[in-house]
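To start, the structure under review is shown below, and the notes come after it.
Numbering (my numbering), first residue to last: 18 to 255.
So this is what it looks like as structure tokens:
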């Protein structure tokens, strides 16, 4: 149960946090003379329902948006302080938070969660049209990529490389979106959009291929282990 909850929290933390934070921001529509939620452009911020939405969002900020990083960090710190990171029972419950990383970077999942929080905040709380938010987001992603390159937190060299390239591609997407906004010709915008689609599609295909290959290798290793364990048993029966 604990492992399942942790998986759900880490998998859906970024989109749900973005939704909660966007519910706190309203954008003014000069044509209609009314403000609307950034998370729901057709929902007015000046109705009784809007008050309930804001109250719910502010309630979820400490419980979920800030609570998840604190909870995950506390679980890691507690296991580390009690020297139970190698305990099989602890690994069964929260092993997904640190087993992929080196022993020195056992805390890296907490850093990733904070990175997701900062990404959600930058995208949700500040209008992208201002130019400041996209620039800050681009610098943040490049800094994260450089930190990833220096720290090399994953046990697998392949995972370190994939994470590094993914962060660079995210930064490239930010630049592409900014270029779409400033391009004055239709063909230039279409070319940039096509490049972004092709680049992201190819990278998704690469990630899926790596994942499928990893699963296939693990299944083959389990099959080999099962055969090796079964061989002595057969010999003993004879």
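Quick reminder that beta carbons are idealized off the backbone N, C-alpha and C, glycines included. Nothing here was measured: the structure is a model prediction, and the numbers come from that model.
Contact set for residue i: own chain, Cβ-Cβ below 6 Å, skip 5 residues either direction
i           : result
residue 219 : none
residue 232 : none
residue 52  : 43, 45 and 62
residue 26  : 85
residue 177 : 169 and 171
Beta-carbon separation (whole angstroms), residue i vs residue j, contact threshold 8 Å
i           : j           : result
residue 130 : residue 78  : That pair is no contact at about 15 Å.
residue 82  : residue 38  : 7 Å
residue 137 : residue 40  : Not quite, the Cβ-Cβ distance comes to about 12 Å (not below 8 Å), so this is no contact.
residue 93  : residue 118 : 10 Å between Cβ atoms; not a contact.
residue 190 : residue 213 : 6 Å
residue 133 : residue 30  : 6 Å
residue 236 : residue 216 : Not a contact, Cβ separation roughly 31 Å.
Sequence-distant residues of the same chain with beta carbon closer than 7 Å to residue i, five excluded per side
i           : result
residue 250 : Annotation note: pLDDT 48 at residue 250 (below 50); position unreliable, coordinate value reported separately. So the list is empty, once near-sequence residues are dropped.
residue 24  : 113
residue 256 : The chain is shown from 18 up to 255; residue 256 falls before or after that span and cannot be answered.
residue 150 : 139, 143 and 144
residue 36  : 56
residue 184 : 158, 161, 162 and 165
residue 128 : none
residue 74  : 37, 40 and 41
Sheet register partners of residue i (DSSP bridge)
i           : result
residue 43  : 54
residue 118 : 171
Contact set for residue i: own chain, Cβ-Cβ below 8 Å, skip 5 residues either direction
i           : result
residue 227 : 175 and 179
residue 182 : 220
Runs of alpha helix (DSSP H) wholly within the region 51-102 (minimum 4 residues, chain order): 65-77 and 84-98
Segment contact flag, the region 43-52 with the region 60-67, C-beta cutoff 8 Å, min 3 pairs: yes
Inter-stretch contact at 8 Å, needing at least 3 Cβ pairs: the region 153-167 / the region 113-127: no
Runs of alpha helix (DSSP H) wholly within the region 147-196 (minimum 4 residues, chain order): 149-168
Cβ contact (3+ pairs, closer than 8 Å) linking the region 51-58 and the region 99-111: no
Validate contact between the region 179-195 and the region 203-214 using beta carbons, cut 8 Å, 3 pairs: Flag = yes, the region 179-195 and the region 203-214 touch.
Segment contact, 8 Å Cβ cut-off, at least three pairs: the region 167-176 with the region 67-77: Taking 8 Å as the limit for Cβ pairs, the verdict is that the region 67-77 does not touch the region 167-176.
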